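In the working numbering, the protein residues as written are 2 to 353. Virtual Cβ for every residue (Gly too), placed ideally from N, Cα, C. This structure is a prediction, so every number in the text was calculated from the model and none was measured.
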């Protein structure tokens, strides 16, 4: 395994990071099988594991905790917080009140005394970034967290967080976890260059575009009965995505590769990407993903991929998984009150 530096943290991690979103009752409820998959990944040389408190409401973290008994020092352990952990409006977000509680819950479930990389799953637009960075800094000083990062953050917010950290003397985000695949390349425009500018590591989630790049989803074919199709029906039947897949499959075949292996190799080829998150649900899927670890793509193949999906372009819809800025998510931020919308106020309105 060729290890890579995680930004400028000095931490060395594998180019594949084992994501555990599929470990838990909604996906794979067999804890023993999931533990076995984690052990197999570690034995293969993967030393980077990523989870989150929101994955199956803590069950994924519990499985990881079981798997790492006696092997905790063998891995760089990352988890995330901020997504809802119940109906209580204060059991989510980036406030000091919540994160001080959330980290303790994660430590307990993971059966460890520290987290190597603690990430904000999604920034909370109603919380001052200084509030979030302040509590994360304190958690680092207490030894509960070694490094901090965030996930799916736009370039402008990455820059703001870096500036706030510098001005206030706070710990800064060392990593970003964005969506990135052959079908989702928009982060090449600003997010990845910004990460490079600030010396941040980048771990790509959904390198297989929610499974579109496995080759199971074909144009004109019957859609597989899968979890992805259940939760992301529009994404898995998107015409533009399917058109791109039909052009990518023969490219991979002519190179003697599976589409899955070509897709993973594409992601880890980018110089700004530290690791690609692989998220197997079954041992068979893990075996297939690991089988492509030695694949490297030629410039000719990368040029053809650029022709099919141009750099900086998103073909596949992220369908609710990407960051949506408040100005887009909340119509009230784009609409003046009714009484202020006209360029000229009529006489009846003036009288009233």
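Q.
Can you give me the C-alpha to C-alpha distance between residue 23 and residue 243, rounded to a whole angstrom?
A. 24 Å
Q: Determine the direct distance from the alpha carbon of residue 152 to that of residue 169, and round the result to whole angstroms.
A: 22 Å
Q: Look up residue 177 in the DSSP assignment and say whether it is helix, strand or coil.
A: strand
Q.
For a test of the three-state rule: what should DSSP assign to residue 273, helix, strand or coil?
A. coil
Q | Bridge partner(s) assigned by DSSP for residue 204 | A | 276
Q) Exposed or buried, what is residue 2 when buried is set at 16 or more other beta-carbons lying within 10 Å of its beta-carbon? A) exposed
Q: Going by CA-CA distance only, name the one from 205, 114, 99, 343 that's closest to residue 20.
A: 205
Q: Return the CA-CA distance between residue 180 and residue 346, expressed in angstroms with no decimal places.
A: If I take the Cα positions, the gap works out to 47 Å.
Q | Residue ranges of each beta strand (DSSP E) within the region 61-138, 3 or longer | A | 77-82, 116-121
Q) Any chance the region 310-326 sits against the region 48-57, with 3 or more Cβ pairs inside 8 Å? A) No, the region 310-326 is not in contact with the region 48-57.
Q. Between the Cα of residue 130 and the Cα atoms of 191, 94, 114, 115, which residue gives the shortest distance?
A. 94
Q: Output the boundary residues of the alpha helix (DSSP H) element that contains residue 192.
A: 192-198 is the span of the alpha helix (DSSP H), which, as asked, contains residue 192.
Q: Spell out a yes or no on whether the region 291-311 and the region 87-107 are touching, meaning 3 or more CB-CB pairs, one atom from each, closer than 8 Å.
A: No: fewer than three Cβ pairs fall under 8 Å.
Q | Touch test, the region 265-275 against the region 185-199, Cβ-Cβ under 8 Å, three pairs minimum | A | Verdict: yes, contact present.
Q) Is it true that the CB of residue 134 sits closer than 8 Å to the CB of residue 166? A) yes
**Q.** Straight-line Cα distance separating residue 277 from residue 172
**A.** Their Cα atoms are separated by approximately 25 Å.
Q: Go ahead and pull the three-state DSSP assignment for residue 4.
A: Looking at residue 4 - three-state DSSP - the assignment turns out to be coil, as it is neither helix nor strand.
**Q.** residue 265 to residue 208 span [Cα, whole Å]
**A.** 6 Å
Q.
Taking the beta carbon of residue 330 as the centre, do at least 16 other beta carbons fall within 10 Å, making it buried, or is it exposed?
A. exposed
Q.
Taking its Cβ as the centre, do 16 or more other Cβ atoms sit within 10 Å of residue 178, making it buried, or is it exposed?
A. buried
Q) So what's residue 15 in DSSP terms, helix, strand or just coil? A) Note: residue 15 maps to coil in three-state DSSP.
Q: For the alpha helix (DSSP H) containing residue 37, list its first residue and its last residue.
A: 32-45
Q) When DSSP builds the beta bridges, which residues end up paired with residue 267? A) Per DSSP, none; premise fails for residue 267.
**Q.** Inter-residue Cα distance where the pair is residue 128 and residue 160
**A.** 16 Å
Q. Count the other CB atoms within 10 Å of the CB of residue 290; is the residue buried (16 or more) or exposed (fewer)?
A. Residue 290 counts as buried, since at least 16 other C-beta atoms from the protein chains shown sit within 10 angstroms of its C-beta.
Q) So does the region 144-151 actually touch the region 35-49, counting three or more Cβ pairs closer than 8 Å? A) no
Q: Kindly indicate which three-state DSSP category residue 20 falls into: helix, strand or coil?
A: strand
Q) Are the beta-carbon atoms belonging to residue 43 and residue 76 less than 8 Å from one another? A) Yes; because the gap between Cβ atoms is below 8 Å, this pair is in contact.
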